[in-house]
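Since the structure comes first, as C-alpha cells, the remarks are kept for the end.
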Amino acid sequence: LCMALPVSLELRKLIIAWRYELHMSISDIVHLSSRCEKTVHNILKSFREEDNNEFNRPFTERHGRKRLLDRNDLNYLESILHAEPGLFLDELQDKL
995 LCMALPVSLE
1005 LRKLIIAWRY
1015 ELHMSISDIV
1025 HLSSRCEKTV
1035 HNILKSFREE
1045 DNNEFNRPFT
1055 ERHGRKRLLD
1065 RNDLNYLESI
1075 LHAEPGLFLD
1085 ELQDKL
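Here's what the structure looks like:
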C-alpha cells in the first residue's frame, strides 16, 4: 500500500533527472526519493505526456467558461477606478 505523500516540484525534477539524465533504475529512485514505485511511475508518466515538459496538474487548470476580459482590459478598468473611485458599475460599463 502506497500512501500519497505530497511531492514537491523540486523532488519531481530530481526524479526526472535521476531517470533520464543519470539513467537510474526505478528501484534506486524509489529508495532515494522515499516514495513508492507507483508515485515514481506516475511522475515519469506525467512528464512524458506533457508536451512542454511541465507537469500535468489537472486541479490547477482553469475550469468553466473562458474569460471575456483579458489582462489589458482589467488593467484599463483598474486605471479608471483609480482615477475615479466613486464610479458606479453601470458608469464603468459605459467606459468599456
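According to our numbering, the sequence shown is numbered sequentially starting from 995.
Quick reminder that beta carbons are idealized off the backbone N, C-alpha and C, glycines included.
Note that the coordinates shown come from a computational prediction; the quantities given were computed from them, not determined experimentally.
In this structure, DSSP gives valine 1001 a state outside helix and strand, which the three-state scheme calls coil. Taking a contact to require three or more Cβ pairs closer than 8 Å, the stretch 1001-1019 and the stretch 1027-1047 qualify as touching. Membership of histidine 1017 in any alpha helix (DSSP H) is not indicated, and neither H nor E is assigned to it by DSSP.
If you draw a straight line from the Cα of isoleucine 1023 to the Cα of arginine 1065, it comes to about 42 Å. In terms of Cβ geometry, tryptophan 1012 and leucine 1026 form a close pair [threshold 8 Å]. Going by C-alpha positions, lysine 1032 is about 52 Å away from glutamine 1087.
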